[in-house]
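**Q** First the structure, which I've put down as structure tokens, then a few questions once you've had a look.
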Amino acid sequence: MSSALGRALVWPALGVALTVLSGCPQYDEGKCNEAVSVTRQSITSKDFNLARQWRERAYTYCKDVSLRSTLDGEITAAEKAQLDEQAKIDARKKTADALTGLVKGLALEGKDDGARIARSATCPDPKEKKEGWCEATRSVTGGEPIKVRYWNKEPKALLISAKTAGPASCDALGASTVVRTFGSTIDGTVAEFKHCTLSELGMQALVGSSAELSLVQVFSAEYLAKDASLAKRVRGN
């Protein structure tokens, strides 16, 4: 091989090698579109690690720099929205747990005599009716009042009821065992209801829970024997 021919073959090969080593862009419209699509699907499903992996692929194959920066913004915004929503859920749960704690405290205080926790209760007029329900409310800062109901001639027949923002649970009432779970609504909001026995209180509870609104009802066996509507609801018949 002549030296001239050798140089003719070497220089093109060297040029190819330099092109590869210089890291020239590998723009590819098809692969770019795929990367953008999968990145956005991952954002929608809140899989942000996967979204970042495909975002890197978009960096490699997408020529439009503004599109690449747009994906960065979409990932950041979606993550922030998720964190903000979780913070709201955590705050609502904290509120629900606090209110449930108040209900538990009232139940401990009044389980032997509902009159102890029913301040200024409205009871049947003894001139018209000897027996019946007495009802009262307990104020709650920043929330709906807690309702207290007991039978005037059998004050152990006690119900304490409260609504709260955020998810509630039987566990917040102490040691509990779930007897039955069913679906229903609270003021039009779909919720999961659990009928529980409360060994610490020696009572029962019906707790309806959703992310937005919950209902906590603690009651005695004596109360359930007198409230046919609630008895039917917890037993499902």
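Note that numbering that gives the first Met the number 0 has the sequence shown beginning at 0, numbered continuously upward. From the three backbone atoms N, C-alpha and C, an ideal C-beta is built for every residue, glycine too. Computed from a predicted model, the values in this text were never measured in an experiment.
1) Kindly indicate which residue of 145, 138, 160 and 235 has the alpha-carbon position closest to the one of residue 206.
2) On the three-pair Cβ rule with 8 Å, is the region 99-106 touching the region 51-70?
3) Would you kindly work out how many angstroms separate the C-alpha atoms of residue 113 and residue 95, rounded to a whole number?
4) Here's the rule I'm using: 16 or more other beta-carbon atoms within 10 Å means buried, otherwise exposed. How should residue 125 be labelled?
5) Could you tell me which of 28, 80 and 25 sits nearest to residue 42, measuring between CA atoms?
6) Skipping 5 residues on each side, what residues in its chain have a beta carbon closer than 8 Å to that of residue 221?
7) Do residue 56 and residue 34 have their CB atoms nearer than 7 Å?
8) Round the Cβ separation of residue 163 and residue 119 to the nearest angstrom and send it over; I've been treating them as touching at under 8 Å.
9) Can you say whether residue 60 is buried or exposed, counting buried as having 16 or more other CB atoms within 10 angstroms of its CB?
10) How far does the alpha helix (DSSP H) with residue 31 in it reach, from first residue to last?
11) Could you check the C-alpha separation between residue 194 and residue 123 for me, to the nearest Å?
12) Whose C-alpha, out of 219, 208 and 32, is nearest the C-alpha of residue 166?
13) Mind listing, in chain order, the continuous beta strand (DSSP E) runs of no fewer than 3 residues lying wholly within the region 105-176?
14) Residue 82: buried (16+ other C-beta within 10 angstroms of its C-beta) or exposed?
15) I believe residue 174 touches residue 199 by the beta-carbon criterion, under 8 Å. Please report the beta-carbon distance rounded to the nearest angstrom.
16) With H, G and I counted as helix, E and B as strand and the rest as coil, what does DSSP make of residue 221?
17) Any idea which residues DSSP pairs residue 191 with across the strands?
18) CA-CA distance, residue 188 and residue 88?
19) Kindly indicate the opening and closing residues of the alpha helix (DSSP H) around residue 231.
20) Within 10 Å of its beta-carbon, does residue 218 have 16 or more other beta-carbons around it, so buried, or fewer, so exposed?
**A** Taking the geometry as given:
1) 160
2) no
3) 23 Å
4) exposed
5) 80
6) 150, 153, 155, 156 and 157
7) yes
8) Residue 163 to residue 119, Cβ: 23 Å. No contact.
9) buried
10) 28-43
11) 30 Å
12) 208
13) 132-137, 145-150 and 153-164
14) exposed
15) 5 Å
16) helix
17) 182 and 208
18) 16 Å
19) 227-234
20) buried
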